[in-house]
Amino acid sequence: MGVAPARLAVYEALRRITTREIDLSQALAATRAALADERDRALAADILTGTERWRGAIDFLIQRYAGRSLSRLDAEVVDVLRLSAYQVLHLDRVPPAAAVHDAVELTRRAGKMSAASFVNAVLRGFCRDREHPPLPARPEALAPSDISGRRRAELDYLAISLSHPRWLASRWIDRYGFDAAASWMAFNNQPARMAVRANRLKTSRRGLAAALEAHGVSATPTRFAPDGLIVTDGNPLRTPLAGSGLFFVQDEASQLISYVAAARPGTLVLDCCAAPGGKAVAMAADMGDAGVLVASDVRRRRVTLLRQTVLESGATCVRLLQADMRRAAPCRPVFDLVVVDAPCSGLGTLRRDPDLRWRRSEGDLADFAAAEQQLLTAAAEAVRPGGRLLYATCSSEPEENERVVEGFLAGQPAFRPLNLRDALHPVADHLQGLFTGEGYLRTYPHEHALEAFFAAAVQRASA
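Count along the sequence shown from 1, add 17, and you get the number used in the working numbering.
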């Protein structure tokens with residue numbers, strides 16, 4: 018009996034992720050293209066995403082059952098064990114015996130015939146301990162005086178049992194404490210429901226909900242974003258409404274960035290990193306499609322994606338521009354509002370992009386921050402006197418957030434910090450907890466059940 022098509026597709030995609038040839042989103046697209054059956058596609062997506070999400074715990078157990086480090090195993094064997102271990106531990110609908118059988122066959126297909134019995138033996142350990150895998154327990158009973166022991170136990174639990182990089186676990190404990198870090202990581206390990214934003218140029222949130230319901234899709238209003246819906250049953254992308262411009266798939270925290278931008282009718286707005294276009298068309302709706310919004314991105318492929326989003330939205334006030342804003346804004350200082358939703362580490366989106374936790378390192382943060390500082394400084398050239406500049410990221414780390422803003426202000430005496438509450442005045446009571454004392458937007462998984470996003474505003478002096 019051969020290997021199930023979904024598992025074969027996952028193995029091939031996982032090999033490409035491991036070798037850094039592609040990332041998870043590209044791997045998911047590759048498995049969808051390789052599989053004709055929708056059930057196989059769904060299973061492959063579950064296995065691939067789950068394997069990346071739980072890689073820290075799985076690798077720990079592989080080494081325990083194998084009696085050796087991963088570095089002493091062939092990379093192909095490690096990937097077979099990873100995807101098979103995820104199925105054994107997390108997928109009730111997959112019989113463990115089927116996962117083990119396919120693992121042995123995959124090992125042989127990979128040309129590792131001599132490792133087949135080894136793979137079988139390691140996975141028997143996973144099957145035996147399936148209900149209670151020997152992972153580090155949550156540290157509750159250590160003596161308060163044992164500071165080093167508690168720290169080690171906390172890091173083991175977060176890095177291994179909750180499957181996050183140890184360096185990131187250490188940072189979050191230092192900033193927020195162990196309980197908050199554990200809650201944050203538990204959030205990251207839950208599959209995210211689809212969020213959509215109603216396009217107010219064509220409908221309302223209530224109207225969209227009714228239209229989706231008519232096609233068998235149930236959705237509830239987002240807690241914070243005023244135009245958002247969380248899909249609770251069905252898939253809007255498999256209805257005739259897909260591509261109509263009535264809605265766009267967009268995470269709730271991401272929707273809040275365009276909300277706090279507070280674009281107004283009749284103004285000039287520049288969106289510097291606009292693709293795929295969700296924020297740009299949301300701002301166009303806030304402008305009542307009156308004024309001019311220049312939506313820019315650096316690569317032709319992303320501008321093409323941006324153009325498609327704008328066409329679907331029906332917005333007529335949007336103009337497209339391909340430009341590298343890192344060098345200099347190719348515009349005079351005439352814009353009332355410039356938005357820089359900067360390319361960043363993405364560490365605030367680990368729930369939706371679980372592979373990023375393994376693709377990023379602590380040393381990357383300085384490089385991201387330098388690029389973000391450069392982009393923000395260049396974009397500031399396009400802000401008119403009295404105009405606003407909004408900076409946003411989907412990063413959890415202060416190097417990319419507060420410190421970039423502080424560094425910008427230190428070198429730009431013509432700008433002053435602007436409390437985002439002032440731009441939104443009055444702020445609804447249920448939104449108050451999203452803002453820091455400095456007036457930054459800060460969403461936290463452990464406090465708001467949202468991905469970790471950041472936004473800050475500054476204003477150029479009038480004269």
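We treat Cβ as the ideally placed atom computed from N, Cα and C, and that holds for glycine.
Counting along the chain, the unbroken beta strand (DSSP E) around Val-355 starts and ends at 352-358. Note that the stretch 261-271 touches the stretch 207-221; at least 3 beta-carbon pairs, one per stretch, sit closer than 8 Å. Taking a contact as a CB-CB distance under 8 Å, the pair Leu-373 and Leu-382 does not count as one, their CB atoms being some 13 Å apart.
Between the stretch 138-146 and the stretch 81-92, the count of Cβ pairs shorter than 8 Å is three or higher; the stretches touch. Using a 10 angstroms sphere on the CB of Gly-294, the tally of other CB atoms reaches 16 or more, which defines it as buried.
Per DSSP, reduced to three states, the secondary structure at Ile-247 is strand.
An exposed status is given to Glu-423, since fewer than 16 other beta-carbon atoms sit within 10 Å of its beta-carbon. Closest in C-alpha terms to Ala-346, from the list Asn-206, Ala-396, Ala-480 and Gly-166, comes Ala-396.
When DSSP states are grouped into helix, strand and coil, Tyr-174 belongs to the helix group. By the neighbour-count criterion, in which 16 or more other beta carbons inside 10 Å mark a residue as buried, Thr-66 falls on the buried side. Separation of Ala-469 and Trp-189 (C-alpha to C-alpha, rounded to the nearest whole angstrom) is 12 Å. The shortest CA-to-CA distance from Met-211 to any of Ser-235, Pro-113, Ile-64 and Gly-166 is the one to Ser-235.
Around the beta carbon of Arg-344, fewer than 16 other beta carbons sit within 10 angstroms, so the residue counts as exposed. If you draw a straight line from the Cα of Leu-108 to the Cα of Glu-148, it is about 12 Å long. The beta carbon of Arg-368 lies closer than 7 Å to those of Phe-204, Asn-205, Gln-207, Ala-209 and Glu-468 in the same chain, with the five residues before and after it left out. Going by C-alpha positions, Glu-93 is about 15 Å away from Ile-75. The continuous stretches of beta strand (DSSP E) do not include Ser-86, and DSSP gives it neither H nor E. Under DSSP, Val-335 shares a beta bridge with Leu-310. Taking a contact to require three or more Cβ pairs closer than 8 Å, the stretch 319-329 and the stretch 379-393 do not qualify as touching. Counting C-beta pairs with one atom in each stretch, the stretch 345-362 and the stretch 276-287 have three or more that are closer than 8 Å, which means they touch. In this structure the stretch 222-234 does not lie against the stretch 176-185, because fewer than three pairs of beta carbons, one per stretch, are closer than 8 Å.
Nearest in C-alpha terms to Phe-432, of all of Leu-448, Ala-480, Asn-418 and Leu-152, is Ala-480. Look at Arg-316 here: in three-state DSSP terms it is coil, with no helix or strand label. Judged by DSSP in its simplified three-state form, Arg-401 adopts strand.
Taking C-alpha positions only, Gly-73 is separated from His-181 by approximately 6 Å. One Cα belongs to Gly-404, the other to Asp-384, and the distance between them is close to 29 Å.
Here the alpha carbons of Arg-58 and Asn-252 stand approximately 14 Å from one another.
The shortest CA-to-CA distance from Phe-143 to any of Arg-99, Ala-270 and Thr-124 is the one to Arg-99.
Listed as beta-bridge partners of Thr-284 by DSSP are Gly-308.
Distance between Ala-133 and Thr-124, taken at the CA atoms: about 6 Å.
For Arg-459, DSSP records a beta bridge to Phe-471. Under the DSSP assignment, Arg-433 falls in the beta strand (DSSP E) whose first and last residues are 432-435.
Around the CB of Glu-157, fewer than 16 other CB atoms lie within 10 Å, so the residue is classed as exposed. If you look at Val-27, you'll find it isn't in any beta strand (DSSP E); it sits in the alpha helix (DSSP H) that goes 22-35. Per DSSP, the continuous beta strand (DSSP E) segment holding Thr-237 begins and ends at 235-238. With 16 or more other CB atoms across the displayed protein chains lying within 10 angstroms of its CB, His-465 is buried.
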